[in-house]
Structure formats: structure tokens, C-alpha cells
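Residue numbers (the numbering used here): 2 to 380.
Backbone N, C-alpha and C fix where the C-beta goes; we use that ideal spot for every residue, glycine too.
Written out below as C-alpha cells is the structure these notes cover.
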């Protein structure tokens, strides 16, 4: 059923408290994975590349034009949202197009003032980082070389205590680098654009690749729910360990497993493994942000590139009430509905993340700004 903000039900504090209780009761506040009976993501046509009508180089990232304020893309406009170029996006009905154009109008007119973003592995796929669960190409389907008892063991704390080598090997592939590593995608650059325009309340990410920060988003505007590689600590005594030293040891030579200087326990980057608690600031900060996004405050929540399967983070969209929600995703997830509902505050646009943010920026007249950020990072 589509979400109805007028329905009676628990308020935001009750929802946050309930999710917190669920998390604490499951592995002491650790990650919990649900397994909904959902089909695999549908295959998509070729990725979208907007026609280049300027002299400057544009991003052909899989998935520019117009210098004036009313330019919204080749043939598209907020007044005529149906007339947009042939793209790699799945067919979108007229109702969805109208709703997206109206949302873009509110963005460009300043009627939406606070935007909360929740993202998952899908926003990093065009950077060459696989997601976790897509059959055939996902990370969990390509870990055979590590001889794991089960795919998720590479991020399991108990398994790391017994055998840290598989994670160290994987970390050498995933570790964020400013040079020679994966670079931010158009979707990451969109987050930087939102911050530059003073609209980004917070970007909650389930990813550990650090590409939001590499895109220039301020660290205090990003909450990496599952941790990051910038700092490290001992898994036995919890003592802090220099993050750069951990990086140098894991990435150097054949890869060393760092040892704690206090208790000789294994050290790992501060990313959240199964069996570990989320960062302590998660629930207090989320409560504050949900309140700031509340009814009548010009709020918008954007969800993109996520299966919404890992709790408690997957429950964040359910906590938002009284504001619009936009899902940019290959498949419909959570309590969004896979059809256009006239008058609903929810909108699902079936797309790759880069395609979706480019189209939204076309309609809002922000495409030139988006490409400027992307081109600067990739130059």
C-alpha cells in the first residue's frame, strides 16, 4: 500500500526507538540482514548519455547541455516533462514524469530546503565497485577465491578473529585512494551539489568506499553507517590504531594483518562487521535529522542505489513522515510502490542512480553545475 502520512500510527520517536530496540536485541546493536522474497533486479537497456550540446566535455558516466537557467536538457523542461531524450532509463509513465518535474521545480524554486539522502552500493557501481547482492556480478557472488565458508564471512567479526587474511586481501581491492583508486560517480557529485546549494541536511550511506568524502562532501554532512577505512582499532581491546599505518600495512607487500600494540589482538579498519554495533552517534543523529525534516519544513528524502535489506539502516525511510520521498533505484524497494499514485508524496523512478540524478538535474536546471563538479574530480 502507498504510504499515507495522515494514517494513525507511531510517531517518529516511537519508530526510532523501536528500530533501536530491534538492533540492540539482535547481536547487541549489530547489523541484521533481512531476506525478502524479491526477484533479482531487472536487466536494463544501454546506459543513458545525454546529448552534448556544449563545447565543454561532459560526463558520459554510464549512466550537457544548456547554459541558461531554463535549460533542462535536450527537449525536456519542467513545463513539458514528457519531451525528454531517449535514454537508457526504463519507460516512465507520464504521471511519474509530471511528478518528477514538479519535484524539480520545487528544488529550483527553493521550496525544498532540507534534503536527507540514504544511499547504498548502487551509487558506486559505475565507479567499478560491485554491489553486494546482484546475481552474477555482486561482490558476494565473486568471493570464491577466498575460500570462505559463506560469502558474508568476509565481513564477519568472529571469522576475522580466526582468519583475517580473506578480508585483508579484499581490502586491498576496496581501499579508497585519492590517486589510482575508484573515483566518485555522478551520484556522489550530486551530493556535493546539494551541499553547495545549502540543501543537504545529511547523507546517510551504507557504503564503506568513502567516495562521498572524495567527491568533496564535508565529513560532518556524511554519516557512514557501516564505518569507513580512515581510522582503525583493535578488535580485542578496542584501542585506536593509526589509520594510515593500518592502510600501509594492509596494502604494502603481500598484505600484513596489523596487530594491536597494547594487547597484540588483530586490528582492522573501523568498518562495521556483522556482529558489531553501528557507530554510537547513529541513533541520536538520526533522531535529530528526522525531526529537522518533519512536516511543513520543506523536507525531501532521496533514497538511491539500495536494496533496503540491512537493518537498522534500511528502516530509515519508514521513519520519515510529512515530507516527499524520491526513490532512484533499479527496483522498487521498502514501502515505496511500483506505480504512480496521483497526489502521493512518494515517487519511484526506475533507473540507474547516475541516470536518475542527471535527469533530475536537467529538470531543475542544475546539469551544468553537476557536470562541473564531476569534470573537476575526473580531470
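The shortest C-alpha to C-alpha distance from residue 245 to any of 342, 150 and 271 is the one to 271. Within the same chain, and ignoring the five residues on either side of residue 367 in sequence, the residues whose Cβ sits closer than 7 Å to its Cβ are 194. The C-alpha of residue 191 is placed about 6 Å away from the C-alpha of residue 371.
Inter-residue distance for residue 102 and residue 358 is about 13 Å (C-alpha atoms, whole angstroms). Residue pairing by DSSP places residue 209 opposite no residue, since no beta bridge is assigned to it. Look at the stretch 239-288 and you find these whole runs of beta strand (DSSP E), each 3 residues long or longer: 268-272. The beta carbon of residue 202 lies closer than 7 Å to those of 115, 116, 117, 290, 293 and 294 in the same chain, with the five residues before and after it left out. By the C-beta density criterion, residue 262 is exposed, having fewer than 16 other C-beta atoms within 10 angstroms. Assignment of residue 369 by DSSP, reduced to helix, strand and coil, places it in the helix class.
A straight-line Cα-Cα distance of about 11 Å links residue 247 and residue 267.
Between the stretch 234-244 and the stretch 204-212 there are fewer than three inter-stretch CB-CB distances shorter than 8 Å, so the stretches are not counted as touching. Between residue 169 and residue 159, the alpha-carbon positions lie close to 15 Å from each other. Residue 196 and residue 148 have their C-alpha atoms some 42 Å from each other. Cβ-Cβ distances below 6 Å link residue 97 to 341 in the same chain, with the five nearest sequence neighbours on each side left out; the list follows chain order. When the five nearest sequence neighbours on each side are left out, the beta carbons in the same chain lying within less than 8 Å of the beta carbon of residue 161 are those of 168, 236, 267, 269 and 274, in order along the chain. In the three-state reduction of the DSSP assignment, residue 96 falls in the helix class. Secondary structure of residue 189 (DSSP, three-state): helix. Taking a C-beta distance under 8 Å as the contact criterion, residue 152 and residue 185 do not qualify as a contact pair. The Cβ-Cβ distance between residue 349 and residue 333 falls below 8 Å. For residue 126, the three-state secondary structure derived from DSSP is helix. Looking at the DSSP output, residue 228 sits in a beta bridge with 272. The residues 302 and 347, in chain order, have a CB closer than 6 Å to that of residue 326 in the same chain once the five nearest residues on each side in sequence are set aside. Around the C-beta of residue 127, 16 or more other C-beta atoms lie within 10 Å, and the residue is accordingly described as buried. If you look at residue 347, you'll find it in the beta strand (DSSP E) that goes 347-351. When the Cα atoms are used, residue 214 and residue 124 turn out to be separated by approximately 14 Å. DSSP, reduced to helix, strand and coil, places residue 170 within a helical segment of the structure shown. Judged by DSSP secondary structure, residue 326 falls outside any alpha helix (DSSP H) and instead within the beta strand (DSSP E) spanning 325-330. Residue 236: not part of any beta strand (DSSP E); DSSP gives it neither H nor E.
Short of 7 Å from the beta carbon of residue 189, and not among the five residues preceding or following it, lie these beta carbons of its own chain, in chain order: 124, 212, 213 and 216. Where residue 116 is concerned, the enclosing beta strand (DSSP E) starts and stops at 115-120. Of the other Cβ atoms in all chains shown, 16 or more fall within 10 Å of the Cβ of residue 306; this residue is therefore buried. Distance from the Cα of residue 256 is smallest, within the candidate group 112, 163, 172 and 352, for 172. Rounded to whole angstroms, residue 157 and residue 234 show a C-alpha spacing of 16 Å.
Minimum Cα-Cα distance from residue 329 among the listed residues 344, 309, 322 and 343 corresponds to 309.
Membership of residue 301 in the beta strand (DSSP E) is indicated by the continuous run 300-305. The Cβ atoms of residue 280 and residue 228 sit closer than 8 Å to each other.
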